[in-house]
Structures are given as C-alpha cells and as structure tokens.
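Quick notes on the structure that follows.
Numbering (my numbering), first residue to last: 4 to 632.
See below:
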C-alpha cells in the first residue's frame with residue numbers, strides 16, 4: 004500500500020537524522036540519472052510537492068473528520084479512528100500529516116522557490132509560496148506551534164514559532180506568491196504546466212486559489228478584534244476583497260483528479276504502483292467498517308426539517324446490493340435491489356458504540372442465521388448472538404474497490420470475492436480510488452462570503468451566496484458522476500453513481516434550503532460542511548464557533564464519551580477537541596524547543612517536563628482559535 008511504504012521511508016529519515024534540516028531530509032526527486040538536491044531542477048519538484056501536500060491534507064482531513072461526527076467505525080474493527088469517533092483521541096493519529104508535509108513537501112518547496120527565483124521563473128516561485136502557505140497553515144491548524152522560520156534551514160533542532168508568527172508568515176507568503184504569479188514568465192523558461200497536477204499550469208487559477216486561501220485564512224480570525232489582517236486582526240472587508248479575486252465559478256476550481264488507470268504513465272513516484280489514487284481511498288475506501296452517522300444522514304435527507312431530500316444524499320450515503328424482506332425497516336431507501344444505509348446514532352442515549360456496536364454485516368452462508376435475504380445460499384447477516392446487534396444490518400460501509408490498484412472488475416466492493424455480485428457495496432463519493440480532491444473551490448468561496456455577509460447583517464446577500472454554494476457543489480459533484488458512468492456503464496445501475504437530475508437539484512434549491520428571510524448561520528455552516536466533506540476546514544469552523552450545536556445542525560458530543568474514562572482524561576468535561584498533540588519526532592528529537600514554546604501557549608501545563616504530552620493537551624486552543632492577540 005502506497006501509504007505504508009511512504010511512512011516507513013519517511014520514518015527512517017526522521018529518526019535517522021533527528022530532524023536535521025529539510026535540506027538533509029529525504030530527497031524524493033531523484034530521476035534515473037540521480038541528480039542531487041543541488042542539481043535537481045525546480046520544475047521537476049512540483050509534481051512531488053503537490054502529491055505529498057495533497058496527501059498531508061487528506062490524512063489530516065480524514066482523521067479530524069472522524070472526530071467531528073460525520074462518520075464512525077464499526078466496534079469490531081476498533082482502532083485509532085474508532086476511538087476518535089467518540090472523542091477518545093489516540094497518539095497514533097498525529098504523525099502522518101506531519102511526515103508527508105515536512106519530509107515529502109516542505110524541504111522541496113524551499114529549494115523550488117530559491118532556484119525558481121534565481122532563474123526568474125516567477126510562476127514556479129509564486130506557486131511555491133502558495134503551497135508553502137497552504138502546508139504550514141495546515142500544520143498550525145493541526146498542531147498549533149511548530150518550527151517555521153527555521154524549519155527548512157540548516158538547523159539540527161529548529162526553534163518553535165508562535166501560532167501568530169506562523170499565521171502572519173503564511174499570509175505574507177500568499178501575498179508574495181500572488182505578486183510573483185502576476186509577473187510575466189521569462190522567455191525560454193519552462194511553463195508552469197510541467198508537473199502541475201493541481202491547475203495544469205493555469206496561472207490564473209493559481210491566482211484565484213491564492214485569493215481563496217487568503218479568504219479562508221482570514222475568516223479563521225473571527226475571534227480576534229477588528230482591524231488589519233496584517234496585524235492578525237479580523238478584517239471582513241479584506242475577506243470580501245480576496246473573494247472578489249478568487250474563484251468565480253466551478254471552472255476556477257483547483258481539483259486533483261485521481262485516476263484508476265493501471266498504466267506505467269501513472270507511476271509518478273517510481274514505486275511500481277501505477278495508480279494515482281486518492282489518499283482517502285488508502286485510509287478509508289480500501290478499509291473496513293466506516294459508516295455514516297445519523298447527523299450526516301439527517302442533514303442530507305431532511306436538512307433543517309424542510310422534508311426535502313438533498314440529491315447528494317444518494318452519492319454520499321453508501322449502498323449495498325441486497326433483497327428486501329418483510330422485516331426490512333420501512334425507513335430504508337431502496338432502488339431496485341440496492342438498499343441505502345441508515346445513519347449510526349452517535350449522540351443519543353441509544354448510541355450503539357456504548358454497548359458494543361455497530362458491527363459489520365457479514366455476507367455468505369451461515370447455518371444459524373435466519374436466512375432472510377437468501378440468494379444462492381448466501382446472504383447478509385450479523386455475526387453476533389446479541390439481539391440488539393441485529394439492527395446493525397441497516398448500516399452499509401463505505402468500502403469501495405479499484406480496477407487499477409487491486410485488479411478488480413469495477414469500483415464496487417464484493418465481500419465474497421470477484422464473482423459475488425450479490426454482495427456489492429458502492430462506497431461513498433469522496434473515498435473511492437478515483438475520487439477528486441478539492442484543494443480550493445468556488446463553492447467554498449460562496450460559503451465564506453455567505454458567513455461574512457450574514458455577520459454584517461446582509462441576509463439577502465448571505466442567502467444568495469449560500470444558495471449559489473449549494474448549487475455549485477451539486478454541479479461539481481455531477482461532473483465526476485458523469486465521468487464515472489461514462490467510463491463504466493455498469494455503474495449506472497447503482498444510485499450512488501447516477502448523476503443527479505436537474506429537476507431534483509432545482510427542487511432542493513427551491514424547497515429544501517430555506518429562504519432569505521429565515522437564513523441562519525447554522526444553515527450556512529452546515530451546508531458548508533456537506534460541500535467540503537472530509538476537510539480540515541470543517542473542524543476549523545467548529546472550533547471557531549466553539550462547537551455550538553445550534554450552528555452545526557444535529558451535532559453533539561458522542562454519547563459513548565460519557566462512559567469512557569480515558570476519553571474524559573483526553574477531553575475533560577466542559578472542554579473540546581482543539582488540537583493534535585505534537586508527534587513523536589518532535590517530542591523525541593526536538594523536545595527542548597517544544598518545551599520552551601509552552602511558556603507562550605495559554606493553557607499549557609509547563610510544570611510538566613513536556614506540556615504537550617499532558618492527557619488534556621488535545622484541548623488547548625491554537626492561536627487563531629483563541630482571543631490571544
């Protein structure tokens with residue numbers, strides 16, 4: 004699996020070199036002629052930088068999303084993510100994003116920038132600055148304080164910077180990157196399209212991405228005093244100005260379009276794995292036990308109580324091939340022999356995690372099972388004698404398959420082997436092998452604008468932007484659905500893949516999202532989390548607004564948290580999930596500087612040898628999430 008290989012390789016670098024400098028870390032850019040870090044050209048680094056930055060993004064998004072309530076994991080699968088889903092954070096979640104950014108990307112970003120500037124390749128230098136801001140902002144979102152100004156220099160043990168220093172530095176990087184991208188590239192220099200999988204060398208899209216990121220980062224300062232963003236203040240006018248120069252339609256979106264093509268042209272990193280698959284597939288799509296929660300299910304099927312199903316519901320909620328029986332719950336949706344999952348209730352006192360569930364439905368023969376749904380002697384059943392667990396058959400996992408990576412027939416996962424069509428599962432839109440990664444989108448820009456205008460008292464303007472964001476999200480999803488069914492017509496039999504109809508989309512926009520007169524911030528933020536599924540920005544929004552259940556519809560602290568002593572040590576009652584603890588590479592090899600920065604972190608218990616290793620370090624606010632000026 005690509006993920007595991009990379010982590011093992013990165014781990015050797017980090018442990019072996021004890022965080023010497025980025026320049027001396029892993030050189031991932033060696034071509035067949037084995038150039039050194041000094042001789043590798045700037046344009047050859049971009050593909051690798053984008054790959055590792057995207058991976059850092061997706062691993063961070065998946066792991067944070069598990070704690071935000073949209074997804075949970077089957078109890079019989081257990082593991083780190085299962086614990087995250089009921090707010091019992093584990094140290095095992097914190098390393099991967101750090102490795103992929105610092106080891107795979109950041110060290111190359113600095114070299115690319117320096118060499119591009121020396122060559123007057125302004126577009127490469129500008130892209131480097133945009134990516135640098137993107138990656139370090141992701142890291143400070145997750146970890147708070149970290150090495151920044153010394154991170155990619157010649158420092159064996161780089162000093163830590165405050166969250167504010169990192170934040171303002173990233174904003175300055177964006178401004179510099181935008182200025183560089185506005186210049187004319189020198190004649191005879193390679194076009195930015197060489198190695199650019201994000202925007203295919205479209206400089207205008209890079210400029211729009213930079214402005215969107217600027218708006219994204221500025222809106223996170225909503226807890227700060229009003230003033231200039233250059234001083235770390237909340238600047239509503241600057242947000243709107245950035246949005247005016249950001250994406251204006253889906254044509255401006257920055258999207259990584261992953262493939263399921265098993266050909267040598269896609270062996271981008273020389274790992275003999277000729278499939279450029281989505282990182283979310285490697286941690287979710289190809290693994291077992293992940294299920295949609297009732298919160299997400301309800302927001303997709305009956306948003307804000309309007310009684311109109313979101314047409315995206317069929318694409319996000321997983322489906323299984325099955326057969327309806329007399330005992331099938333009436334609320335389960337069927338299309339032919341395809342049945343849609345119901346959502347796992349994580350919040351109420353009936354939360355299944357509390358008493359050993361949910362567990363995975365099995366497929367195949369079983370002598371003790373009732374036989375309901377039998378087809379050719381095999382059927383779906385629950386491997387439990389506990390009658391309370393029989394209801395787990397209402398859940399469908401989001402597991403999917405791959406033709407290129409796994410040499411299977413199509414994107415449907417089959418429990419019993421390649422010939423077991425009666426056990427097919429659809430997966431979910433965002434975690435398939437060829438699912439798109441949304442780096443920056445027009446619909447995110449719309450929701451940011453809606454929030455800012457709403458908070459300024461402009462409900463009409465807020466509603467218009469909110470409605471446009473929902474519309475753009477559906478249209479962008481449809482583009483990928485059309486691609487999937489055109490590539491494999493067999494997928495079209497499953498409602499998870501069939502494109503949404505214009506009639507259904509129009510009906511939802513007219514009757515399922517409210518009006519300008521009843522627009523609320525809660526509706527804006529909840530629709531934003533649906534559109535930005537599996538994004539760290541969901542967690543960022545929840546932190547900014549202190550996990551307010553009136554603003555995140557249907558959300559609540561997982562009920563199982565109330566019964567687990569370890570969870571209450573990590574997230575004490577009355578506190579919330581605010582950051583990741585620093586990873587072991589920093590605690591083992593840069594502990595002196597990690598300890599030193601604690602003196603500038605409100606809430607850090609500096610009486611401990613390592614404040615960041617305290618049980619409740621997960622609850623310390625990062626700088627932008629605090630009122631610290």
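Cβ atoms here follow ideal geometry from the backbone N, Cα and C, with glycine treated the same way.
Here the structure is a predicted model, which means the values were calculated and not measured.
- Rounded to the nearest whole angstrom, the C-alpha separation of residue 79 and residue 187 is 58 Å.
- In the displayed model, residue 295 falls within a strand according to three-state DSSP.
- Around the Cβ of residue 238, a 10 Å sphere holds 16 or more other Cβ atoms; the residue is buried.
- The criterion of a C-beta distance shorter than 8 Å is satisfied by residue 315 and residue 533.
- Bridge pairing for residue 237: 229 [DSSP].
- Residue 260: not part of any alpha helix (DSSP H); member of the beta strand (DSSP E) spanning 257 to 260, first to last residue.
- Of all alpha-carbon atoms in 428, 394, 417, the one lying nearest the alpha-carbon of residue 320 is that of 428.
- For residue 383, the uninterrupted beta strand (DSSP E) segment begins and ends at 382 to 385.
- Nearest C-alpha to residue 530 among 554, 521, 539, 547: 554.
- Its Cα nearest to that of residue 240, the residue 217 stands out among 556, 212, 52, 217.
- In this structure, 413 is the residue among 452, 413, 63, 214 with its C-alpha nearest to the C-alpha of residue 435.
- For residue 367, there is no enclosing alpha helix (DSSP H); the enclosing beta strand (DSSP E) has its first and last residue at 364 to 367.
- By the criterion of at least three beta-carbon pairs nearer than 8 Å, the region 602 to 621 is not in contact with the region 115 to 126.
- For residue 163, the three-state secondary structure derived from DSSP is strand.
- In this structure residue 497 does not touch residue 401 by the C-beta definition: roughly 14 Å separates them, more than the 8 Å allowed.
- Shown here for residue 52: same chain residues with a beta carbon closer than 7 Å to its own, the five before and five after excluded, namely 108, 111, 112, 115, 134 in chain order.
- The beta carbons of residue 350 and residue 138 sit no closer together than 8 Å.
- The beta carbon of residue 600 sits closer than 6 Å to the beta carbons of 148, 163 from its chain, once the five residues preceding and following it are set aside; these are given in chain order.
- In the displayed model, residue 189 falls within coil according to three-state DSSP, outside both helix and strand.
- Contact between the region 199 to 218 and the region 242 to 257 is present: 3 or more CB-CB pairs across the two stretches fall below 8 Å.
- The beta carbon of residue 301 is closer than 6 Å to those of 557 in its chain, skipping five residues each way along the sequence.
- Judged by DSSP secondary structure, residue 568 falls within the alpha helix (DSSP H) whose first and last residues are 568 to 573.
- For residue 428, the pairing in a beta bridge is given by DSSP as 323, 416.
- Minimum Cα-Cα distance from residue 205 among the listed residues 158, 488, 257 corresponds to 257.
- In the three-state scheme derived from DSSP, where H, G and I count as helix and E and B as strand, residue 170 is classed as helix.
- When rounded, the separation of the alpha-carbon atoms in residue 507 and residue 303 is 13 Å.
- Straight across, the Cα-Cα distance linking residue 151 with residue 465 is about 36 Å.
- Taking C-alpha positions only, residue 488 is separated from residue 438 by approximately 13 Å.
- For the options 545, 394, 264, the alpha carbon positioned closest to that of residue 410 is the one of 264.
- Excluding its 5 nearest sequence neighbours in each direction, residue 213 has C-beta neighbours in its own chain below 6 Å: 133, 177, 180, 181, listed in chain order.
- Within a 10 Å sphere around the beta-carbon of residue 459 sit fewer than 16 other beta-carbons, which makes this residue exposed.
- Exposed is the label assigned to residue 421, since fewer than 16 other Cβ atoms lie within 10 Å of its Cβ.
- A direct Cα-Cα distance of roughly 23 Å separates residue 502 from residue 417.
- Residue burial annotation: residue 183 is buried, with at least 16 other C-beta atoms found within 10 angstroms of its C-beta.
- DSSP, reduced to helix, strand and coil, places residue 480 within a helical segment of the structure shown.
- Residue 477 and residue 125 have their C-alpha atoms spaced approximately 36 Å apart.
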